[in-house]
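Protein chains: 4
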Amino acid sequence: MIELGIGVIGYGFIGKVHTYAYRNLHFYYDPVPARVRLVGVCTSRAETAERARAHGGFDVGVTRIEELLSRDDVHAVHICTPNALHHDAALAAIAAGKHVYCDKPLARTVEEARAMGSAAAASDLACQVTFHCRFVPALMRAKQLIERGVLGRVFHFRAAYLHAGYTDPARPMSWRLDKEQSGGGALFDLGAHVVDVVRYLLGDVRRVHGSLRTFIAERPAPDGSGPRPVEVDDLALMQVEMNDGSVGLVEASRLATGSNDQLRIEIHGQKGALQFDLEEPGWLRVYRAEGPEEPYGGERGYTRIECMQRYPKPAVWPGPKFVPGWLRFHAASVHAFLTHMVEHSPASPSFADGVACQEVLHAVQQSSACGRWVDVARES
Amino acid sequence: MIELGIGVIGYGFIGKVHTYAYRNLHFYYDPVPARVRLVGVCTSRAETAERARAHGGFDVGVTRIEELLSRDDVHAVHICTPNALHHDAALAAIAAGKHVYCDKPLARTVEEARAMGSAAAASDLACQVTFHCRFVPALMRAKQLIERGVLGRVFHFRAAYLHAGYTDPARPMSWRLDKEQSGGGALFDLGAHVVDVVRYLLGDVRRVHGSLRTFIAERPAPDGSGPRPVEVDDLALMQVEMNDGSVGLVEASRLATGSNDQLRIEIHGQKGALQFDLEEPGWLRVYRAEGPEEPYGGERGYTRIECMQRYPKPAVWPGPKFVPGWLRFHAASVHAFLTHMVEHSPASPSFADGVACQEVLHAVQQSSACGRWVDVARES
Amino acid sequence: MIELGIGVIGYGFIGKVHTYAYRNLHFYYDPVPARVRLVGVCTSRAETAERARAHGGFDVGVTRIEELLSRDDVHAVHICTPNALHHDAALAAIAAGKHVYCDKPLARTVEEARAMGSAAAASDLACQVTFHCRFVPALMRAKQLIERGVLGRVFHFRAAYLHAGYTDPARPMSWRLDKEQSGGGALFDLGAHVVDVVRYLLGDVRRVHGSLRTFIAERPAPDGSGPRPVEVDDLALMQVEMNDGSVGLVEASRLATGSNDQLRIEIHGQKGALQFDLEEPGWLRVYRAEGPEEPYGGERGYTRIECMQRYPKPAVWPGPKFVPGWLRFHAASVHAFLTHMVEHSPASPSFADGVACQEVLHAVQQSSACGRWVDVARES
Amino acid sequence: MIELGIGVIGYGFIGKVHTYAYRNLHFYYDPVPARVRLVGVCTSRAETAERARAHGGFDVGVTRIEELLSRDDVHAVHICTPNALHHDAALAAIAAGKHVYCDKPLARTVEEARAMGSAAAASDLACQVTFHCRFVPALMRAKQLIERGVLGRVFHFRAAYLHAGYTDPARPMSWRLDKEQSGGGALFDLGAHVVDVVRYLLGDVRRVHGSLRTFIAERPAPDGSGPRPVEVDDLALMQVEMNDGSVGLVEASRLATGSNDQLRIEIHGQKGALQFDLEEPGWLRVYRAEGPEEPYGGERGYTRIECMQRYPKPAVWPGPKFVPGWLRFHAASVHAFLTHMVEHSPASPSFADGVACQEVLHAVQQSSACGRWVDVARES
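Chains as they are written, first to last, in the numbering used here: chain A, 1 to 380; chain B, 1001 to 1380; chain C, 2001 to 2380; chain D, 3001 to 3380.
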């Protein structure tokens, strides 16, 4: 079996998640697509690099990306940094001939994203975005059913990614609230995921009407000193029109009191309907309007299809009986990345998916500024 | 269209419910099986009788049952009194040639019930018991699906009727807590319904192991004077074995904190499963274990079938979109009674069903006393 | 007790519902605010008028509104006709000194609605709109909790009224699909209710961005002859901005496959959140973000508050245990109307509420036409 | 930080689960109670031992338990074998001075279990049973709330552990269906867990009335040859009476079509109620009957308390927002075991808990045989 060496850039929350995924891939999948060696981890300071190395079980801890990119035994790097660093790191990695797995959103701006997409397209590398929701079995099943025509013509849908983490005005500033570092707020952080899920299931977005709001307009500085202006949205509301003519309402909120980590989507078609909620990740609800009708009522209703770890192949551990946790979806995403590298197949979700998502986010920002519908400009 | 005259004996809570049902039948059903005249209502005192007459829209209010039974224009009587009076009233009504619609449980004792059942069987009258849960559309649908073999061989089930109305020890005594008046407690009041639902869906009970408990053993007298001993159970737990070999756990509780009016049943068969909860009366959950399996998972899961007012025929008002209320089920039960009278068909649920249910309740009382399984003695 | 005479104009589905409400008020409420006499019903033809009279238990059936309005014993009329007739009937009734209970939406156009609102305001009559959702106990409870400050500052919300009745293109034309008769489609039929619920709970709408769609653009004529163009929307999507600065997404759909009669609202505030769904009308979900926090987690979570018939006063039949049906909410609405008549209190929801709702619907139509945000023009 | 060496005996499904837990402890917890070295794994054949060693990351793979027990660097062993081997392995391990973590049920018979319990009690070793459900945050929260008196006096409860894995008669025999190897069927496999959850939350069981059934009485041999008799139950129904006077119905089923891995418990007390379902492991439903009542209804209802990874301390990764998977509970159980070893505190759940559980299972077997209530004999 081939051995692939992995470097991880950034070892905060999401860096740990990816590392966990690699370290447990052989539990979840048998066989694994490749043997993995965790070669190195890169953080900003020597002290944190050594701690990350020991924690994640890497061979080395470094403080400069080049130290990973220059190694022949590093075949792929994971970009787990704040958004502001994605662009430079990805271009450098691609230039160095490394496969790239980049956290979402792809970049801070559509220009940055397009440059990354072009570089990926010009290479023969697997360049994947961390849209791990595409690896929730219930959403994979949803896509399968839609492709089979279970919904028929889609009329309309609603989707939302709801968090409650910023309702407290005393929560201080962080890079996620800094426009320069993040490029956007709820729209970029949560909207990227929900827009990608919409694209994954229903195809491309033609135009949008968006509203961005910043309800909590100032917050304490990270060091506790006086209030700083918040430059990014904490709520994004969108009307979207899809290429197929269907329309939908989409939300991304950091102020959705009562939600923990709730990505929902509901789709209404002529022949059926679907419902999904990430807070019940093991089930997909499917409604078939057609069916053997009887004089006084058929058996219409939502079926709550069990979608634990049974789909897609290969069958996985710990088995289809058990409720999967959130970490499991990242393991499946990393499994797909490894497979693409081994099989020299195009990554999916690819940097091109990342660019297309960014183009929607960009159009939402433009629409919010001008108060009109904005066509989603596709990279020519 | 034939006109049928109705008398109602007792005008407490349930007497009002039946009267409501008659008065609204032509809203719910079109056409109705017969034109109804509310001839008379009987209560214990002239003052309440007049109030009942005016409230329900009866021609007359009387204080002696005979005043109703002696009238030629009364074709049927509803027995809506405490349990202790069911037996005498029913026998008198049958003797007078009146159809009878009797509240549940049929009587205080299996002997009383059997006498009532015998009299009904010897007549050609429609004699029905108020097992209105048989007229919840979702349970009618459940029966239909079971008869079609959706469950296959039934392995086991659990059923419960849960109320919370007696958790407060300060709630005073009433006829429902008086053994002489009621014949039993939670077992008779709630257990009668849930045992009937079990019989309706799954057939006859072969034997039972029961436990009756009285957690709150004394309560204030109705007049607020000192504590009186409670003679009846406030909780009944049962293991039941059915004629078909399936087994189940059944509960009737007046102490089920957190429940309002919760009759639940879940059935597990080799080919499928069913779930129902009266607190969501418009839906039946059905699981099919069989189906087109795919390599990595089929579409197994509970379907929440819409069962508003769409089943059975005839189509009804206000239409299948709207959540039905509890009163609606009583209207359907009264509709069935009228139909039986008009068509001279045997009532269903009949007094024989009432007797069979009472035989189960009786066996539970015996089992609780002796601590062993008790066969359900069937009337020879 | 005072006796009030009622006339009903139109005896289709909703006319029957109102009549049912009157005929059962004394079951649901004790005492009732007034003794009611169902004086007359008006339909378009003598034959249907007589049938309506007999069905509803009215004294007379007539074919001209004036026959009701000229009677001294008619104190109030219910307008249960297609939308096109509301305006003239209401103005005539008010001119005749009759209280008016008018189906929603108030009229076909904002001009008609404002004329009706002005006439009502200039009178001392109770003029109410059939916004019966305001009488769903769970929504009354929601309003009570919001007024107590349970939500704190409201950030955002989403609301929808979802039906599936028009997904079949073979469903023929009707007055509801005729712009001249109805004034609008899903927006007017369902949007009127959901916009009113939003106003009821959260106050006035400042501006809207709306999109109206007609997915099924032609349908058979009612007589089965060739296709006719559908002139009204079957889907309305709205972004709304409220006077208090909160924002929301609102939908009205006749194409929401999988829904029966689903009015949903979810509100996120700084201190709490609310959820309601008309398909579970007996419960309100309330989330309190504040509370006694413990080191490792408090007791945060949605509480599914029981809201059967317990709120508001007076306590009602058949009691708080039982799931209420949809008809029940109309009875409560009619109870409020009677009370306003008896107490000479302003109706609520009033014609002014009907006008305010119509102004929002109008702004949505304008916004959809121009593709921009439109301020809700308030009648000066 | 202390380093502890671990040996794992048996590397089937559950052996992998425990190994996974150790390998990821430093992700989930920071700091960890001890540094862990996975010293050795023992399986029955050299080939599987080497495969297990490589898969789990152990230093050595061996085929005789003694090879682990004789090593000074092994401080604790996990017994992950079929039930028949628990007794001998545990006694040998305790004799060798090793801490023991033994899969459930503790043994095949109450005699075996008591011998194991005595040996554990006579040592100063941490001897824990894999009752990992005690580490589901929602059940820990349930225990906390019960101890605070939220339920008041407990009246009754129902609990069930429902699987559907054996509904297919073509599923062949295995050690789990062999009485000699397993000691019991659904009762031992699933009943052990649900009885332990009942004991964890509500205390000791005084007496039981049990019914064991074997619906599918023969199955193919593992090699596909002709049918073999199934000697163990596939369904266990129990009535239980607790030391505090409360009563309950308890089930363990391998034939519960429609369930995946569904451990449910509902408890009704005078002051409140609780509901839990392992298929929604992140939430506990709590009902408080008391509270600020208002004239027409308070705010009574079940609160769905969020119980992700927030309880108990220490705060854990990946954070309270994310739905935990089933593996997570095993990690928490192993964390507790390590803590007990490091702190020289008594293990919990201890071998004494395993014995007490086994005594209940034994009484159920006796009761099922004699058809009467059986007192749970406590080891003197």
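We put the beta carbon where it would ideally sit given N, CA and C, even for glycine. Being a predicted model, the structure only gives us computed values, none of them experimental.
Whole-angstrom distance between R3141/D and L249/A, CA atom to CA atom: Distance from the CA atom of L249/A to the CA atom of R3141/D, rounded to whole angstroms, is 37 Å.
Proximal residues to M2001/C (C-beta, below 6 Å), its chain only, five neighbours per side dropped: R2035
Paired residues, beta bridge with C2102/C - DSSP: I2079/C, V2129/C
Proximity test, Cβ basis, 8 Å: H86/A and chain C: no
Counted within 10 angstroms of its Cβ, other Cβ atoms place T245/A as buried (16 or more) or exposed: The sequence given here has Gly at residue 245/A, not Thr. Exposed, since its Cβ has fewer than 16 Cβ neighbours within 10 Å.
According to DSSP, residues forming a beta bridge with T303/A: V286/A, T1303/B
Beta carbon proximity, I1305/B to chain F, threshold 8 Å: Note that chain F does not occur in the displayed structure, where the protein chains are A, B, C and D.
Assigned secondary structure, A3332/D (DSSP; H/G/I helix, E/B strand, else coil): A3332/D carries a helical assignment under DSSP once its states are collapsed to helix, strand and coil.
Within 8 Å, strictly: CB atoms of S2348/C and H2132/C: no
C2127/C versus I3146/D - alpha carbon distance: Each residue's Cα considered, the two are about 53 Å apart.
Neighbour list for Y1020/B in chain C, Cβ cutoff strictly below 8 Å: N2024, F2027
Cα-Cα separation, A2377/C to V41/A: 60 Å
Alpha carbon of R3053/D to alpha carbon of E3066/D, nearest angstrom: 17 Å
Contact residues within the stretch 3141 to 3152 of chain D, judged by C-beta distance below 7 Å to chain C: none
For D277/A, three-class secondary structure by DSSP: In the displayed model, D277/A falls within a strand according to three-state DSSP.
Inter-residue Cα distance where the pair is P324/A and F337/A: 20 Å
Contacts around W317/A, its chain only, beta-carbon distance under 6 Å, and the 5 residues preceding and following it disregarded: F27, Y28
Stretch pair the stretch 351 to 370 of chain A + the stretch 209 to 227 of chain A: three plus CB contacts closer than 8 Å: yes
Own chain partners of D1179/B with C-beta closer than 6 Å, once the 5 adjacent residues on each side are dropped: The question names Asp, but residue 1179/B is Lys in the sequence shown. The residues are E1231, V1232.
C-alpha gap between E2047/C and H2078/C, whole angstroms: Rounded to whole angstroms, E2047/C to H2078/C spans 20 Å at the Cα level.
C-beta neighbour in chain A for A3252/D, strict 8 Å: no
Rounded Cβ spacing between S2044/C and T2063/C (contact assumed at less than 8 Å): 6 Å
Counted within 10 angstroms of its Cβ, other Cβ atoms place F322/A as buried (16 or more) or exposed: buried
Given R2372/C as reference, the closest of F2157/C, A2192/C, M2238/C, V2039/C once Cα atoms are compared: M2238/C
Contacts that R1328/B makes with chain A (C-beta to C-beta distance below 7 Å): Near R1328/B there are no residues of chain A at all, since even the closest Cβ is about 15 Å away, more than 7 Å.
Residues bridged to E2218/C [DSSP beta-bridge criterion]: DSSP lists P2229/C as the bridge partner or partners of E2218/C.
Extent of the continuous beta strand (DSSP E) run through I1006/B: 1003 to 1009
Beta strand (DSSP E) runs wholly inside the stretch 2127 to 2163 of chain C, at least 3 long, in chain order: Within the stretch 2127 to 2163 of chain C, the complete beta strand (DSSP E) runs of at least 3 residues are 2127 to 2129, 2154 to 2162.
Cβ-Cβ distance between A1273/B and E1251/B below 8 Å: no
For V976/B, the three-state DSSP class (helix, strand or coil): Limits of chain B in this structure are 1001 at one end and 1380 at the other, which puts residue 976/B out of reach.
Amino acids of chain C, ordered along the chain, whose beta-carbon sits closer than 7 Å to that of M1001/B: Those within 7 Å of M1001/B in chain C number zero; the least Cβ separation is about 12 Å.
Terminal residues of the beta strand (DSSP E) in which E266/A lies: E266/A -> beta strand (DSSP E) spans 262 to 269.
Stretch pair the stretch 1149 to 1159 of chain B + the stretch 1112 to 1131 of chain B: three plus CB contacts closer than 8 Å: no
Distance, A3352/D Cα to D3346/D Cα: Sequence check: residue 3346/D is Pro here, not Asp. Their backbone Cα atoms lie some 10 Å apart in a straight line.
beta-carbon G2185/C near the ligand ADP non-hydrogen atom, thresh 7 Å: No copy of the ligand ADP appears in this structure; indeed no ligand is present at all.
Residue interval of the beta strand (DSSP E) (run including G1248/B): 1247 to 1253
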